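S.K.: Sharing a structure with you now.
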Amino acid sequence: MTDTPGPDPAHLEALFNQAPCGYLVTDDGGRITAVNDTFVNWTGHSRSDLLGSTLQSLMPVGDQILYSTHCIPQLGITGAVSEIAVEIIGADGQRRAALLSASRSPASDEEPAAVRVVIFSAHERRMYEKELVAALRAAEEAEARRAEAEKELHRLALHDALTGLPNRAGLNVGLDQLPAGGTAGTRRLAVLFVDLDHFKAVNDSLGHAAGDELLISVAQRLTSLAAGSNSVARLSGDEFVVVGAFAGPTEATALAAGLLEVLRTPMQIEGLEIVTSASIGVAVAEDGGETLEDLIRRADIAMYRAKELGRSRWELHEPAETDPTVDRLRALGELRRGIREGALRVHYQPQIDLRTGRTRGVEALVRWQHPTRGLLPPSEFITMAEESGLVRPLGAWVLGETLKQADNWRRQGRPSSALEFAVNLSARQLNDPELVPMVEAGLRLRGIDPALLLLEITETALMADPAAALASLTALKNLGVGLAVDDFGTGYSSLTYLKKFPIDELKIDRSFINGLGSDSGDSAIVGSCIDLAHAVGIRAVAEGVETSGQVHMLKAMGCDLAQGYHFARPLPAGLLKEWLDANGGG
Amino acid sequence: MVEAATAAVSTVIRRNNVTVSGRADGPVMMFAHGYGCDQDMWRRLLPYFANDYRLVLFDHVGAGHSDVNAYDREKYGSLDGYAADLLEICECLDLKDVILVAHSVSAMMAVIAATHEPERFSRLILVAPSPRYTNDPAEGYVGGFSQDDIEGLLASLDSNYFAWAEALAPMAMANPETPELAEELRSSFCRTNPSIARHFARVTFLSDTRQVLGKVPTDSLILQCSDDLLAPPEVGTYVHQHLERSSLVHLQATGHCPHVSAPQATADAILQYLASSP
């Protein structure tokens with residue numbers, strides 16, 4: 001082999017010129033320095049035209065861009081490109097599909113850098129690839145449409161359909177970008193919890209369509225003032241939150257004050273001018289990475305305080321402040337679960353006829369068997385249930401359970417079958433248009449004499465909306481059930497009002513009974529309550545009776561009925577039966 | 001918090017395949033590659049700076065060895081998304097007084113980034129920049145391309161779907177004259193996801209960053225090549241006129257990638273500029 005001479009230059013030239021593909025040599029910039037006959041013939045360009053011009057200039061602009069941005073750097077760095085699809089424009093102006101491979105030899109002392117290019121005609125393959133890519137694009141477009149539909153679905157899941165604002169889930173997603181730990185540089189994450197005042201009244205008096213319109217207006221007003229760097233979301237019902245990064249509490253409460261102001265401007269709803277207001281709770285993140293949930297919870301607590309302090313105002317939650325309802329939201333969830341999973345109990349407290357000493361009836365009192373806190377009395381959760389609306393299912397359940405129990409006893413043929421059952425109604429229930437049909441259906445289902453059911457309404461519930469209460473009570477009265485005013489003496493209602501309601505019984509608040517004998521003021525109040533009841537022809541009932549001294553005084557004052565620990569605490573159904581057997585009830 | 005921060009940093013590092021080399025305590029030089037390539041395109045230029053500068057390189061999302069899963073069509077639907085990534089890398093590595101070397105479309109990402117965080121950057125080196133590739137006859141602006149040209153580019157990209165897709169591309173035969181190059185690089189250089197390349201092409205070639213130029217407070221150097229199809233001389237002049245604190249240097253190098261074709265001349269121009277007082 002070593003003796004074999006190198007290839008004949010003439011053969012090499014023939015190989016170059018008559019090869020079955022185009023050969024070119026260019027410099028680094030693509031300027032053609034040599035080209036073979038095949039390429040000259042294939043393109044129709046003359047050799048003299050080709051030499052000195054750039055290879056790229058034979059390509060359409062798109063290919064030129066790619067050649068400049070992709071192929072030339074790749075040749076420079078890796079020394080080769082392979083099977084790049086290009087089009088070469090011939091002398092006839094026609095584009096010729098081609099594949100281009102090239103390798104580059106770096107500059108040496110003798111020669112400058114050179115790029116050797118091979119170009120194959122690739123008409124068939126290009127057609128085939130074009131079809132493949134077209135199919136691929138069609139598939140991508142179908143996929144894009146599917147993704148778009150999915151995105152829309154996702155958007156719907158994260159937004160409130162009525163106002164278009166993010167919902168709770170959407171709020172969490174939107175805030176993912178915010179820095180962890182609740183602080184953004186020197187700015188701190190804050191939550192403004194906005195709850196409309198008396199929204200229910202709008203819904204009840206003007207209907208749900210008007211209520212919805214109001215919510216949309218409120219959403220727009222909140223957004224127009226607070227949006228931008230803040231997020232506005234609707235959590236539920238008439239609850240909105242504004243979340244953003246603030247310089248501190250002052251800036252956050254200033255926004256709250258501004259929001260109160262824009263919400264106070266009257267709105268036109270269904271042709272009526274409606275004046276709304278809201279209560280706003282503000283919570284600003286402390287160092288130490290409070291979650292958004294933490295902040296919403298604290299802001300919610302502050303919002304409730306704003307409500308308690310008279311509404312249409314803002315309150316700032318101080319991180320250090322301890323709040324008995326600190327876990328209201330969590331507790332609400334627990335209560336909801338408790339109702340669903342049967343953790344509620346009804347206990348029955350006997351009511352004693354003070355003249356005969358016999359048990360005239362029982363008051364049904366709900367208890368919550370809390371998973372960790374034990375058996376809770378209504379005072380621990382009724383307010384929360386009332387505020388959240390949970391009181392409706394809860395109240396319905398208590399009524400149903402009590403009627404079921406009454407039915408049980410009656411069917412056991414006990415002499416206590418004539419026992420009266422007193423059940424408490426909340427203010428919300430009183431305004432619930434479903435209340436009367438529900439009571440009626442419950443009585444019918446269990447076949448209970450309506451006269452044996454006594455519904456108790458607190459004085460404050462009556463006075464909140466006397467006109468509406470009168471309508472509900474009248475309807476209930478027409479069913480034949482008895483009605484009692486609970487906690488009487490705490491609500492400053494006037495005698496004239498009391499006379500308007502079709503009530504059968506006045507229950508004197510336990511706080512006055514408590515002072516009987518020790519506090520002459522309380523004795524006077526209890527005495528006049530009893531007289532008042534008798535004056536309008538109804539019974540007087542004393543609650544919270546604990547001592548025989550109190551019993552003695554009540555008897556002396558002419559009180560009709562009494563209940564309290566002195567006689568019996570509220571008892572589960574089974575124990576009540578034992579108690580009745582032992583005390584000759586009924 | 002520390003763990004969270006570390007996790008965030010490593011996400012960014014992985015997302016943009018950030019690599020750091022050179023002199024650890026040197027001033028920071030960051031390199032942003034342009035359209036159609038990845039950070040490997042800087043390799044011929046780096047030796048001129050490695051002894052004196054801390055070199056930070058990265059791949060734009062969708063290019064090179066970046067995390068393709070991080071490609072969000074909405075975010076990367078404008079140059080702003082890329083500029084945000086660039087700033088995030090600076091923040092994660094706590095880079096200060098950065099000399100940002102940016103090629104082609106990345107030059108405009110650099111310009112956007114510098115308006116957002118001017119304090120981050122000491123100098124911008126803009127290699128073959130263009131604030132708008134298409135002509136704007138209404139403003140008398142010459143970008144070099146018509147709308148049809150860009151459509152042609154997208155068609156060309158489609159034609160090369162199989163040539164550039166990482167998994168499908170043909171392997172170039174080894175070039176005996178560049179033996180130092182690892183096989184891996186030979187096969188992966190500037191390979192890209194064709195769909196992303198197509199979207200990036202659209203974003204790049206239809207971008208218009210002219211309005212941002214006037215807001216850049218940073219000192220900058222414009223490197224203008226001859227015979228650059230993508231950045232004709234008028235464009236370089238336009239950028240120079242609208243970037244307040246800019247210097248314009250014409251390189252002898254031809255084409256769009258002087259750092260590849262003429263690394264020595266490119267490095268000389270940059271070093272000379274850096275040696276001049278701001």
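Top line first, the protein sequences correspond to chains A and B.
Each step along the first sequence adds one to the number in the working numbering, with nothing skipped, and position 135 is 135.
Each step along the second sequence adds one to the number in the working numbering, with nothing skipped, and position 100 is 100.
Just so it is clear, CB atoms sit at the ideal spot from N, CA and C, and this is done for glycine as well.
Just so it is clear, the structure is predicted and the values come from calculations on it, not from any experiment.
Taking the C-alpha atoms as reference points, what is the distance between P14 of chain A and V118 of chain A?
M.R.: Per the sequence presented here, residue 14 of chain A reads as Ala, with Pro not at that position. Computed Cα separation, rounded: 16 Å.
S.K.: Counting only runs that start and end within the region 44 to 118 of chain B, where is the beta strand (DSSP E) found for 3 or more residues in a row?
M.R.: Runs of the beta strand (DSSP E) inside the region 44 to 118 of chain B: 54 to 58 and 98 to 103.
S.K.: Would you check if the distance between the CB atom of T218 of chain B and the CB atom of A114 of chain B is smaller than 8 Å?
M.R.: In contact: T218 of chain B and A114 of chain B (Cβ atoms closer than 8 Å).
S.K.: Does the region 65 to 76 of chain B come into contact with the region 148 to 164 of chain B, if we say contact requires no fewer than three beta-carbon pairs (one atom in each stretch) closer than 8 Å?
M.R.: Because the criterion of three Cβ pairs below 8 Å is not met, the region 65 to 76 of chain B and the region 148 to 164 of chain B do not touch.
S.K.: If the criterion is Cβ atoms closer than 8 Å, does the pair G76 of chain A and S103 of chain A meet it?
M.R.: Going by C-beta atoms, G76 of chain A is not nearer than 8 Å to S103 of chain A.
S.K.: Based on the DSSP output, what are the partners of F421 of chain A in its beta bridges?
M.R.: Answer by DSSP bridge pairing, in chain order: A:V362 and A:L453.
S.K.: Under the assumption that C559 of chain A contacts I538 of chain A (Cβ atoms under 8 Å), give the Cβ distance between them as a whole number of angstroms.
M.R.: Their Cβ separation, rounded to whole angstroms, is 12 Å, which puts C559 of chain A and I538 of chain A out of contact at 8 Å.
S.K.: Can you give me the Cβ contacts of S101 of chain A inside the same chain, cut-off strictly under 7 Å, excluding the 5 residues immediately before and after it?
M.R.: So the list reads V81, S82, E83 and V118, once near-sequence residues are dropped.
S.K.: Starting from V118 of chain A, follow its DSSP beta bridges and name the residues at the other end.
M.R.: Looking at the DSSP assignment, V118 of chain A forms a beta bridge with A:Y23 and A:S101.
S.K.: Residues in the region 65 to 95 of chain A with C-beta within 7 Å of chain B's C-beta atoms, listed in sequence order?
M.R.: Within the region 65 to 95 of chain A, the residues whose Cβ lies closer than 7 Å to some Cβ of chain B are I65, L66, S68, T69, H70, I72, P73, Q74, G76, I77, T78, G79, A80, V81, S82, E83, I84 and A85, listed in chain order.
S.K.: Give a yes or no on whether 8 Å exceeds the smallest Cβ distance from F145 of chain B to chain A.
M.R.: Cβ-Cβ to chain A under 8 Å: yes for F145 of chain B.
S.K.: Would you call M553 of chain A buried or exposed, if buried means 16 or more other Cβ atoms sit within 10 Å of its Cβ?
M.R.: It is buried - the Cβ of M553 of chain A has at least 16 other Cβ atoms within 10 Å.
S.K.: Could you check whether the Cβ of V61 of chain A sits closer than 8 Å to any Cβ belonging to chain B?
M.R.: With 8 Å as the cut-off, V61 of chain A counts as an interface residue toward chain B.
S.K.: Within its chain, find whatever has a CB closer than 8 Å to the CB of E270 of chain A; leave out the 5 residues flanking it on each side and keep chain order.
M.R.: L206, A209, A210 and E213.
S.K.: Any chance the region 253 to 260 of chain B sits against the region 24 to 33 of chain A, with 3 or more Cβ pairs inside 8 Å?
M.R.: Contact between the region 253 to 260 of chain B and the region 24 to 33 of chain A is present, because at least three Cβ pairs lie under 8 Å.
S.K.: Going by beta-carbon coordinates alone, are C37 of chain B and T69 of chain A separated by less than 8 Å?
M.R.: Their beta carbons are under 8 Å apart, which means C37 of chain B touches T69 of chain A by this criterion.
S.K.: If you follow the beta strand (DSSP E) that F205 of chain B is part of, which residue opens it and which one closes it?
M.R.: Run containing F205 of chain B: none in the beta strand (DSSP E); it sits in the alpha helix (DSSP H), P194 to F205.
S.K.: In chain B, which residues lie less than 9 Å from R126 of chain A when you measure between Cβ atoms?
M.R.: Chain B residues near R126 of chain A: S159.
S.K.: Should the region 362 to 381 of chain A be regarded as contacting the region 422 to 429 of chain A, the criterion being three or more beta carbon pairs within less than 8 Å?
M.R.: Touching, per the Cβ criterion.
S.K.: Going by C-alpha to C-alpha distance, which of A:T474, A:Y23, A:P73 and A:Q550 sits closest to A262 of chain B?
M.R.: The shortest Cα separation from A262 of chain B among A:T474, A:Y23, A:P73 and A:Q550 belongs to A:P73.
S.K.: Which parts of the region 129 to 217 of chain A are runs of the beta strand (DSSP E), unbroken and 3 residues or longer, counting only runs that do not cross its ends?
M.R.: You should have 187 to 196.
S.K.: Look up R31 of chain A in the DSSP assignment and give the residues it is bridged to.
M.R.: DSSP output for R31 of chain A lists A:T54 as bridge partner(s).
S.K.: Taking only the alpha-carbon atoms, compute the straight-line gap between H123 of chain A and S159 of chain B and give it to the nearest angstrom.
M.R.: Using only the alpha carbons, I get a separation of about 12 Å.
S.K.: Of the residues that make up the region 126 to 140 of chain A, which ones have a beta carbon closer than 9 Å to any beta carbon in chain B?
M.R.: Cβ contacts with chain B come from R126, E129, K130, L132, V133, A134, L136, R137 and E140.
S.K.: Hey, does A269 of chain B have any beta-carbon neighbour from chain A nearer than 8 Å?
M.R.: No, its Cβ sits nowhere closer than 8 Å to a Cβ of chain A.
S.K.: Is it the case that the Cβ atoms of L506 of chain A and V485 of chain A are separated by a distance below 8 Å?
M.R.: Contact: yes.
S.K.: Chain B partners of G587 of chain A, CB-CB under 8 Å?
M.R.: The question about residue 587 of chain A has no answer here: the residues shown for chain A are numbered 1 through 586.
S.K.: Along chain A, in chain order, which residues have C-beta atoms closer than 8 Å to that of L230 of chain B?
M.R.: Result: I65, S68 and T69.
S.K.: Is Y76 of chain B close to chain A, meaning its C-beta is less than 8 Å from at least one C-beta of that chain?
M.R.: Y76 of chain B does not count as touching chain A.
S.K.: What in chain A is Cβ-close to C37 of chain B, meaning under 9 Å?
M.R.: What C37 of chain B touches in chain A: T69, H70, P73, Q74 and I77.
S.K.: Secondary structure at G574 of chain A, three-state DSSP: helix, strand or coil?
M.R.: Three-state DSSP puts G574 of chain A in a helix.
S.K.: Could you please give the first and the last residue of the uninterrupted alpha helix (DSSP H) stretch that includes S276 of chain B?
M.R.: No alpha helix (DSSP H) contains S276 of chain B, which DSSP labels as neither H nor E.
S.K.: Just confirm the distance between the C-beta atoms of F381 of chain A and L335 of chain A, as a whole number of angstroms; I'd bet it's less than 8 Å.
M.R.: Contact flag correct, Cβ pair sits at about 6 Å.
S.K.: Do you know offhand how far A302 of chain A's Cα is from A226 of chain A's?
M.R.: Straight-line Cα distance between these residues: approximately 19 Å.
S.K.: Run down chain A in chain order and give the residues with a C-beta less than 9 Å from the C-beta of R43 of chain B.
M.R.: Those are I77, listed as they occur along chain A.
S.K.: Straight-line CA distance for V115 of chain A to P137 of chain B?
M.R.: So the two alpha carbons sit approximately 37 Å from each other.
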